[in-house]
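Visitor: Sending over a structure as structure tokens; questions will come in a sec.
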Ligand code: BGC
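See the structure below:
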């Protein structure tokens, strides 16, 4: 256990106990008994999932009598650094950070460490810093495996049980990856390529553009506009007659943009993967559009992060289930990884409606 937050935890727990019977008061008050303050820094409001992440973490922390400073940074790195600096300056007792650029926070986290503030990397690993205490996320390599598996299932190369059907194509696909500054993007890509590579090697799959390197297929800031622009650049071979059978897409926002470009070009609908079960994609899956998505329950992720905060501030040891996978370049960050879940036309109702994410009306 890093020594530096032991001290602040001991101080802060007094605040938490003091909070039990008190009314809300500003954390900037300097009297003893203030509620512990947790700074929650999220990357963007351009995607539903991050809005839900922020709201879930905030609600669960407030239910435990913490004060919360929740900020979104519009996918702008200097804004996020400044927000974190302000949280440190206002005396945060812990930071929960969904980073934009995984390597850009080294200096501000050194300031957090100097102020004995524990840091939890939320969903995205914070890299190249020893000042990250815990990581709350999903099994991101598994997400990539699931994305590639659903692509192969949609193409008919694998059956529902992920066993080869013997279909040998060749099927023409294109590959898209996420933002190069987000560690998750590489992990998703590696997980997916592990599944796809044998089929690329055997010729069952062919990448029409030939672009398979991460750097060629990455999508800056996960921005759907950038994916649409790249898909538009890739179109000529397909509008000239080649058939586009499938697209590996790592995130629903990109999937919808890619489907839109392909549709407007008058091409047959390819098998398109996704991630996050965002409403538009869930509706599209229900309508037989996007083939699949990967659902990651942000309510559970919030619970994991809040459990970590609460343990740290109470002087206890957060629960982890992985102490080997996430080397951030300086330390291996102890992690709690949740299981991602495949969603297709077959099970969207059971997972997303019965599970309480959307109503049946929203998906009809
Ligand atoms: C998250 C994904 C999300 C992507 C774009 C990744 O770091 O893990 O769930 O689709 O960012 O927001």
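In our numbering, the protein residues as written are 46 to 409.
C-beta: ideal position from N, C-alpha, C; glycine also.
Keep in mind that this is a model prediction, so the values were computed, not measured.
What runs of the beta strand (DSSP E), each 3 residues or longer, lie entirely inside the region 201-271?
Guide: Counting whole runs of 3 or more residues, the region 201-271 contains the beta strand (DSSP E) stretches 216-220, 250-252.
Visitor: Tell me the rounded alpha-carbon separation between residue 324 and residue 178.
Guide: Using only the alpha carbons, I get a separation of about 33 Å.
Visitor: Around ligand 1, what residues have a beta-carbon under 6 Å from a heavy atom of it, in chain order?
Guide: Any residue whose Cβ sits closer than 6 Å to a heavy atom of ligand 1 makes the list: 92, 94, 168, 169, 223, 227, 229, 267, 296, 320, 321, 341.
Visitor: Answer yes or no: the CB of residue 316 versus the heavy atoms of ligand 3, is any distance below 6 Å?
Guide: As far as ligands go, the structure on display features ligand 1 and does not contain ligand 3.
Visitor: What residue range is occupied by the uninterrupted alpha helix (DSSP H) comprising residue 99?
Guide: Residues 93-108.
Visitor: Assuming contact is defined by CB atoms lying nearer than 7 Å, are residue 245 and residue 331 in contact in what I supplied?
Guide: No, the Cβ-Cβ distance between residue 245 and residue 331 is not below 7 Å.
Visitor: Less than 8 Å between the CB atoms is what I'm expecting for residue 118 and residue 91, so what's the real figure, rounded?
Guide: Not quite, the Cβ-Cβ distance comes to about 11 Å (not below 8 Å), so this is no contact.
Visitor: Kindly give me the distance between the Cβ atoms of residue 183 and residue 385, rounded to whole angstroms, as I take these residues to be in contact under 8 Å.
Guide: Indeed, because the Cβ distance is near 5 Å, the residues count as touching under 8 Å.
Visitor: Please report the straight-line C-alpha distance between residue 279 and residue 291, rounded to a whole angstrom.
Guide: So the alpha carbons of these two residues sit roughly 13 Å apart.
Visitor: Have a look at the DSSP bridge pairing and note the partners of residue 37.
Guide: Because the chain in this structure spans residues 46 to 409, residue 37 falls outside the shown range and cannot be described.
Visitor: Residue 155 and residue 121: beta carbons closer than 7 Å?
Guide: Contact flag unset, no.
Visitor: May I have a chain-ordered list of the beta strand (DSSP E) segments no shorter than 3 residues that lie completely inside the region 312-400?
Guide: For the region 312-400, whole beta strand (DSSP E) runs of length 3 or above, ordered along the chain, are 337-340, 380-383, 386-389.
Visitor: Can you tell me the Cβ-Cβ gap for residue 319 and residue 302, rounded? I've got them flagged as a contact below 8 Å.
Guide: Not a contact, Cβ separation roughly 11 Å.
Visitor: Within 10 angstroms of the Cβ of residue 377, are there 16 or more other Cβ atoms? Answer buried if so, exposed if not.
Guide: Exposed, by the Cβ-count rule.
Visitor: Using 8 Å as the Cβ pair cut-off and three pairs as the minimum, do the region 95-104 and the region 128-136 touch?
Guide: No, they do not touch.
Visitor: Can you name, in chain order, every residue of its own chain whose Cβ lies under 7 Å from the Cβ of residue 147, other than the five neighbours on each side?
Guide: Correct list, in chain order: 169, 170, 171, 172, 226, 227, 228.
Visitor: Could you tell me if residue 219 is buried or exposed, where buried requires 16 or more neighbouring beta carbons within 10 angstroms of its beta carbon?
Guide: Looking at its Cβ environment, which holds 16 or more other Cβ atoms inside 10 Å, residue 219 is buried.
Visitor: Residue 142 lies in the alpha helix (DSSP H); which residues open and close that run?
Guide: Per DSSP, residue 142 belongs to no alpha helix (DSSP H); it is in the beta strand (DSSP E), 139-142.
Visitor: Would you kindly check if the distance between the Cβ of residue 96 and the Cβ of residue 33 is under 7 Å?
Guide: Past the edges of the chain, shown from 46 to 409, lies residue 33, and the structure says nothing about it.
Visitor: Would you mind working out which of 366, 391, 204 sits nearest residue 383, comparing C-alpha positions?
Guide: Answer by Cα proximity: 366.
Visitor: Can you find the residues in the same chain that come closer than 7 Å, C-beta to C-beta, to residue 234, ignoring five residues on each side of it along the sequence?
Guide: 189, 222, 259.
Visitor: Tell me, which residues are paired with residue 180 by DSSP?
Guide: Answer is 166, 380.
Visitor: Whole-angstrom Cβ separation of residue 420 and residue 347, contact assumed at under 8 Å?
Guide: Absent from the model: residue 420. The displayed extent of the chain is 46 to 409, so no value can be given.
Visitor: Where does residue 313 land, buried or exposed, given buried means 16+ other C-beta within 10 angstroms?
Guide: With fewer than 16 other Cβ atoms within 10 Å, it is exposed.
Visitor: Going by DSSP, which residues form a beta bridge with residue 293?
Guide: Beta-bridge pairing links residue 293 to 220.
Visitor: Going by other Cβ atoms of all chains shown within 10 Å of its Cβ, with 16 needed for buried, is residue 374 buried or exposed?
Guide: Counting Cβ neighbours within 10 Å, residue 374 comes out exposed, since fewer than 16 surround it.
Visitor: Taking the alpha helix (DSSP H) that residue 154 belongs to, which residues open and close that run?
Guide: First-last of the alpha helix (DSSP H) with residue 154: 151-159.
Visitor: What whole-angstrom Cβ distance do residue 200 and residue 317 have, given they're in contact under 8 Å?
Guide: That belief does not hold up - the Cβ atoms of residue 200 and residue 317 are roughly 11 Å apart, past 8 Å.
Visitor: With DSSP run on the structure shown, which of helix, strand or coil describes residue 82?
Guide: Residue 82 falls in the strand class under three-state DSSP.
Visitor: Quick one: Cα of residue 153 to Cα of residue 379, how far?
Guide: Whole-angstrom Cα-Cα distance: 21 Å.
Visitor: Looking only at its own chain, which residues have a Cβ that is under 6 Å from the Cβ of residue 197, when we skip the five neighbours before and after it?
Guide: Result list for residue 197: 203, in chain order.
Visitor: Tell me the residue span of the alpha helix (DSSP H) that contains residue 124.
Guide: Unbroken alpha helix (DSSP H) run through residue 124: 122-134.
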